[in-house]
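Scroll down for the structure; my scribbles are underneath it.
Numbering (the working numbering), first residue to last: 43 to 294.
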């Protein structure tokens, strides 16, 4: 008998979408808004508790300190300022994890910070320095072959990420949200991209070009209006191929 394939699906939660309760059983890792673009003590604690109840790995989701733009606009900050704000967000999150008798499993950046740290060395350095300053060693979720991943190599455990619900350009950057074809909206298309990523380690771009893309975790956005229906469809397909979620069985 072929053993099951265990995979990780992550989602950005604790962002006020109202879908967290339904999404949590359908994922294996969550990235919880840590106060930069969204989130406060109550939202972080509630989401951490929900993750524990569903055996979901708990991660921090820091961003530029810009709730007005939901962290989707790049801010002009010095490296020191950026390191400090990320460090403060992480320490706030870690403190709440400690009160809930759990730990920060991973860190995934949000929005503009995620995109810019992938291509800008000083921004990547600021992120890594902030994480290391917490005296913890969480996994760092980053795009494959990004500046952030290269900078963090040998400093932090790396997890490469690809997206279930976003389309890619030929250079493997995400299609801008300002473009009408940026987001995958149907469950069938999402499953096709997800399965191609798992089975072929590749993605078909918006220009119909196949590009290699290594990924260890697969993201769907928690605020995607069709995220629940997409994930339910993906789960129904996963069963046919003996694919299962890798759950955090020790965090209860």
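Ideal placement from N, C-alpha and C gives every residue a C-beta, glycine not left out.
Could you tell me whether the Cβ atoms of residue i and residue j are closer together than 8 Å?
i: residue 191; j: residue 121; result: no
i: residue 85; j: residue 148; result: no
i: residue 53; j: residue 262; result: yes
i: residue 142; j: residue 181; result: no
i: residue 306; j: residue 272; result: Nothing about residue 306 can be reported from this structure: the residues present for the chain run from 43 to 294 only.
i: residue 108; j: residue 79; result: yes
i: residue 158; j: residue 116; result: yes
i: residue 185; j: residue 171; result: no
i: residue 46; j: residue 240; result: no
i: residue 81; j: residue 113; result: no
i: residue 96; j: residue 150; result: no
i: residue 93; j: residue 129; result: no
i: residue 265; j: residue 59; result: yes
i: residue 65; j: residue 270; result: yes
i: residue 214; j: residue 173; result: no
Closer than 7 Å: is that where the CB of residue i sits relative to any heavy atom of the ligand GDP?
i: residue 133; result: For the ligand GDP, the structure offers nothing, since it holds no ligand at all.
Starting from the C-beta of residue i, find all residues in its chain whose C-beta is less than 8 Å away, skip the five residues before and the five after it, and write them out in chain order.
i: residue 277; result: 68
i: residue 243; result: 254, 255, 256 and 257
Check the DSSP bridge columns for residue i and list the partner residues they point to.
i: residue 32; result: The structure shown has nothing for residue 32, since the chain only spans 43 to 294.
i: residue 298; result: Because the chain is modelled from 43 through 294, residue 298 falls outside the range shown and cannot be assessed.
i: residue 148; result: 101 and 181
i: residue 244; result: 254
i: residue 48; result: 286
i: residue 202; result: 184
i: residue 225; result: 208
By DSSP, does residue i sit in helix, in strand, or in coil?
i: residue 142; result: coil
i: residue 253; result: strand
i: residue 263; result: coil
i: residue 118; result: coil
i: residue 285; result: strand
i: residue 59; result: coil
i: residue 160; result: coil
i: residue 190; result: helix
i: residue 79; result: coil
i: residue 295; result: Any answer about residue 295 is impossible in this case: the structure gives the chain only from 43 up to 294.
i: residue 197; result: coil
i: residue 113; result: coil
i: residue 127; result: helix
i: residue 135; result: helix
i: residue 236; result: helix
i: residue 84; result: helix
Suppose the cutoff is 7 Å on Cβ atoms and the five residues either side in sequence are ignored; what does the same chain contact list for residue i look like?
i: residue 146; result: 100, 101, 102, 135, 136, 139, 178 and 180
i: residue 235; result: 206, 226 and 245
Only counting the same chain, and skipping five residues up and downstream in sequence, which positions put a Cβ closer than 6 Å to that of residue i?
i: residue 205; result: 261
i: residue 201; result: 181, 183, 258 and 259
i: residue 105; result: 78, 79, 113, 152, 153 and 155
i: residue 124; result: 168
i: residue 51; result: 69, 70 and 260
Determine whether the Cβ of residue i lies closer than 8 Å to any Cβ atom of chain D.
i: residue 171; result: Protein chain content of the structure displayed is limited to a single chain, and chain D is not contained in it.
Query raised in the report: Three or more beta-carbon pairs under 8 Å between the segment 276-289 and the segment 216-226, yes or no?
Result: Because the criterion of three Cβ pairs below 8 Å is not met, the segment 276-289 and the segment 216-226 do not touch.
Query - Touch test, the segment 241-258 against the segment 206-215, Cβ-Cβ under 8 Å, three pairs minimum - result: Yes, the segment 241-258 is in contact with the segment 206-215.
Report task. Say whether the segment 87-99 touches the segment 157-164, bearing in mind that this needs 3 or more beta-carbon pairs closer than 8 Å, one atom from each stretch. Result -> Between the segment 87-99 and the segment 157-164, the count of C-beta pairs closer than 8 Å stays below three; the two stretches do not touch.
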